[in-house]
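> For the sequence shown, the residue numbers in my numbering are 607 to 768.
Glycine included, C-beta positions come from ideal geometry on N, C-alpha and C.
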Amino acid sequence: MKKIALMLAAVLVVLLFAACGTPASSSAPAADANLEGTLEEIMEKLYEGIPEDQLPMLANTPITEENAEYMVGVTADNFKEGLSSDAMINAVAHSVCLLRAESAEAAEELAKQVEEKANPNKWVCVSAEETIVDRIGDVVVLIMASADNAETIDANFKALAE
């Protein structure tokens with residue numbers, strides 16, 4: 607009888623502690639919360655933590671009606687503004703593009719289109735090791751780069767949602 611009473615008391619204590627605990631928080635990025643700042647400011651944050659010697663020489667270029675399909679695979683009427691950070695030497699497969707859509711819902715559709723239509727083989731003699739398309743709120747990122755850099759840039763992008 608004492609064993610049963612001790613067992614019930616132990617179960618009661620465990621349930622009591624479990625009920626008093628704090629609820630688990632979600633670590634998933636807030637996909638519908640818009641990112642603050644200009645595309646240039648966001649782009650700068652994407653490269654944080656990557657040593658300069660692991661990146662090619664880069665130049666930022668606005669994504670316009672003339673270059674949108676080449677850069678991201680969709681026409682410029684699909685987004686409000688765009689910025690591309692590309693290797694200055696064409697023999698290096700590195701391109702990071704930020705697109706700001708009209709809304710989070712429009713960005714979700716834009717991300718699907720970019721993922722489907724972007725060309726990781728757009729360079730004459732090289733191809734990107736990894737292609738990643740991601741979204742936070744109204745901003746879509748297209749990353750075409752070496753595997754290490756692509757993953758770091760994507761992790762930096764996801765960290766902006768926190």
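Give every residue of the same chain whose Cβ lies closer than 6 Å to the Cβ of Ala-724, excluding the five residues on either side of it in the sequence, and list them in chain order.
The residues are Val-678, Gly-679 and Leu-748.
> In this structure, how does DSSP classify Ala-707 when only helix, strand and coil are distinguished?
Residue state, collapsed to three classes: coil.
> Going by DSSP, what residue range makes up the beta strand (DSSP E) through Leu-664?
Leu-664 -> beta strand (DSSP E) spans 664-668.
> Inspect the CB distances between the segment 724-743 and the segment 694-708 and report whether three or more fall short of 8 Å.
Yes: the two stretches touch, three or more of their Cβ pairs being nearer than 8 Å.
> Nearest CA to the CA of Lys-686: which residue from Tyr-676, Ala-712, Ala-693 and Leu-661?
Selected option, being the one with the closest Cα: Ala-712.
> Can you give the beta carbon distance from Arg-706 to Asp-754, rounded, assuming they're within the 8 Å contact cut?
So it is not a contact: roughly 27 Å between Cβ atoms.
> Select from Tyr-653, Ile-759, Val-730 and Asp-659 the residue whose C-alpha is nearest the C-alpha of Val-739.
The candidate whose alpha carbon is nearest that of Val-739 is Ile-759.
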